[in-house]
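Residue numbers 214 to 478, in this note's numbering, belong to the letters of the sequence shown in order. Inspection log for the structure reproduced underneath, given as structure tokens.
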Amino acid sequence: SPLRRADGSLLVGDASVYELVPVHVEANTNGGSRTSPDRIPPDDWLEQFIRKAPFDVAEVLVEAERTQLAAGSTHALLVDVSVSPGAEAGVYGAELRLKAGDAATEVPFSLRVHQTVVPADAALHSTYWFFPQPGNLTSGEAPEWWSQRHWELIENSGRQLRAFGQDSILTPLIDLPEPLIQTIRNEDESYSFDYARFDRWAELFLGLGFRYLHGHHISMLPETWIYEGVFVTDRETGEREPLVIRGGANEDWLAFVPVFYRSLH
Numbered sequence: 214s215p216l217r218r219a220d221g222s223l224l225v226g227d228a229s230v231y232e233l234v235p236v237h238v239e240a241n242t243n244g245g246s247r248t249s250p251d252r253i254p255p256d257d258w259l260e261q262f263i264r265k266a267p268f269d270v271a272e273v274l275v276e277a278e279r280t281q282l283a284a285g286s287t288h289a290l291l292v293d294v295s296v297s298p299g300a301e302a303g304v305y306g307a308e309l310r311l312k313a314g315d316a317a318t319e320v321p322f323s324l325r326v327h328q329t330v331v332p333a334d335a336a337l338h339s340t341y342w343f344f345p346q347p348g349n350l351t352s353g354e355a356p357e358w359w360s361q362r363h364w365e366l367i368e369n370s371g372r373q374l375r376a377f378g379q380d381s382i383l384t385p386l387i388d389l390p391e392p393l394i395q396t397i398r399n400e401d402e403s404y405s406f407d408y409a410r411f412d413r414w415a416e417l418f419l420g421l422g423f424r425y426l427h428g429h430h431i432s433m434l435p436e437t438w439i440y441e442g443v444f445v446t447d448r449e450t451g452e453r454e455p456l457v458i459r460g461g462a463n464e465d466w467l468a469f470v471p472v473f474y475r476s477l478h
């Protein structure tokens with residue numbers, strides 16, 4: 214039902230209903246890269262956790278007017294209300310009507326609108342650590358890296374993040390087996406870089422209203438599993454190989470970083 218104040222005034226704004234789709238949590242945090250299903254956190258950590266893994270948590274927002282209910286299961290919905298800057302202050306109430314077959318129920322809810330108007334561009338910048346691996350972006354079959362479907366999923370994620378207040382996006386650079394910025398080794402052992410994917414990424418997120426692109430960490434790339442290293446494509450053969458072998462000497466890496474920085478800037 215429409216949101217109204219006690220005097221009958223309607224709220225100036227729009228409301229959307231989202232279904233919260235459960236995500237399976239395999240492990241409690243054990244501190245960054247030490248987290249895995251087979252590693253149990255220290256007891257004093259476990260005492261502070263709300264719940265011990267594994268468990269399911271309502272996490273992913275899917276805009277939907279209908280949802281499939283199952284007996285004996287908990288289902289979560291989110292009502293997102295966009296309040297117009299011209300809305301009058303006060304407490305507004307409404308009811309969320311739910312129906313399944315012949316059964317129906319109404320759940321009342323309310324929200325308080327304050328006189329203060331929050332600026333469209335927040336003073337504090339918020340960055341979500343967004344990792345674009347295709348398998349991270351869908352519960353279905355993962356598409357090929359940088360395929361049209363992959364870009365569609367990236368755009369969908371970006372649009373939702375922006376809608377919920379993010380104005381900065383963590384951006385891959387030369388890391389990952391399928392990097393945003395492709396590193397190419399030339400015949401004379403020099404390096405060149407292909408920015409086509411990076412340019413598309415920048416145009417996409419800036420077009421969605423993001424204000425900043427935050428590049429992935431660079432200094433720890435050779436030894437950090439989460440970014441999966443840096444891969445170089447040989448211009449002559451087309452073969453791709455790691456720039457630095459994990460656990461090896463870093464002389465090649467220290468020589469490479471200034472070359473990349475000069476190209477990037």
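The beta-carbon is built from N, C-alpha and C at its ideal position, and this holds for glycine as well. None of the values given here were measured: they were computed from a predicted structure.
query	result
D257 in three-state terms, based on DSSP	helix
Pick from L224, S214 and A271 that is closest to V236, judged by C-alpha positions	A271
Validate contact between the region 344-351 and the region 220-231 using beta carbons, cut 8 Å, 3 pairs	no
Residue range of the unbroken alpha helix (DSSP H) whose run includes I367	Q361 to A376
Closest residue to G221 among Q281, G303 and S286 (Cα-Cα distance)	G303
F418 and I387 closer than 8 Å at C-beta	no
Proximal residues to F268 (C-beta, below 6 Å), its chain only, five neighbours per side dropped	V238
Own chain partners of P446 with C-beta closer than 8 Å, once the 5 adjacent residues on each side are dropped	One detail in the question is off: residue 446 reads as Thr in this sequence, not Pro. Result list for T446: Q395, T396, I397, R398, E452 and R453, in chain order.
Contact check, F444 vs P390, beta carbons under 8 Å	yes
C-beta atoms of S370 and L393 nearer than 8 Å	no
Endpoints, the beta strand (DSSP E) within which L417 is located	Premise fails: L417 lies in the alpha helix (DSSP H), A409 to G420, not in any beta strand (DSSP E).
Simplified DSSP state of S352, which is helix, strand or coil	coil
Boundaries of the beta strand (DSSP E) in which P471 is found, first to last residue	First-last for P471: E464 to L477, but that is the alpha helix (DSSP H), not the beta strand (DSSP E).
Contact between the region 275-293 and the region 245-260 (3+ Cβ pairs under 8 Å)	no
Segment limits, beta strand (DSSP E) that includes F268	F268 to E276
Distance, A355 Cα to L412 Cα	For clarity, residue 412 is Asp in the given sequence; the question names Leu instead. Taking the straight line joining both Cα atoms gives about 23 Å.
Entirely enclosed beta strand (DSSP E) segments - the region 287-332, minimum 3 residues	289-296, 303-313 and 316-326
C-alpha gap between R372 and D401, whole angstroms	43 Å
Bounding residues of the beta strand (DSSP E) (the contiguous stretch that carries T446)	F444 to D447
Of the residues Y425, S405 and P332, the one placed nearest E449, counting alpha carbons only	S405
Option in T242, E232 and N241 with minimal Cα separation from V273	E232
Local conformation of S339 per DSSP, three classes	coil
Exposed unless 16 or more other CB atoms sit within 10 angstroms - verdict on P385	buried
Distance between beta carbons of H338 and E380, contact taken as under 8 Å	Looking at the sequence provided, one finds Asp at residue 380 rather than Glu. Yes, they are in contact, since the Cβ atoms of D380 and H338 sit about 6 Å apart, within 8 Å.
Contacting residues, own chain, Cβ-Cβ under 6 Å from I367 (five flanking each side not counted)	P345
Per-residue DSSP class, three states only, for S222	coil
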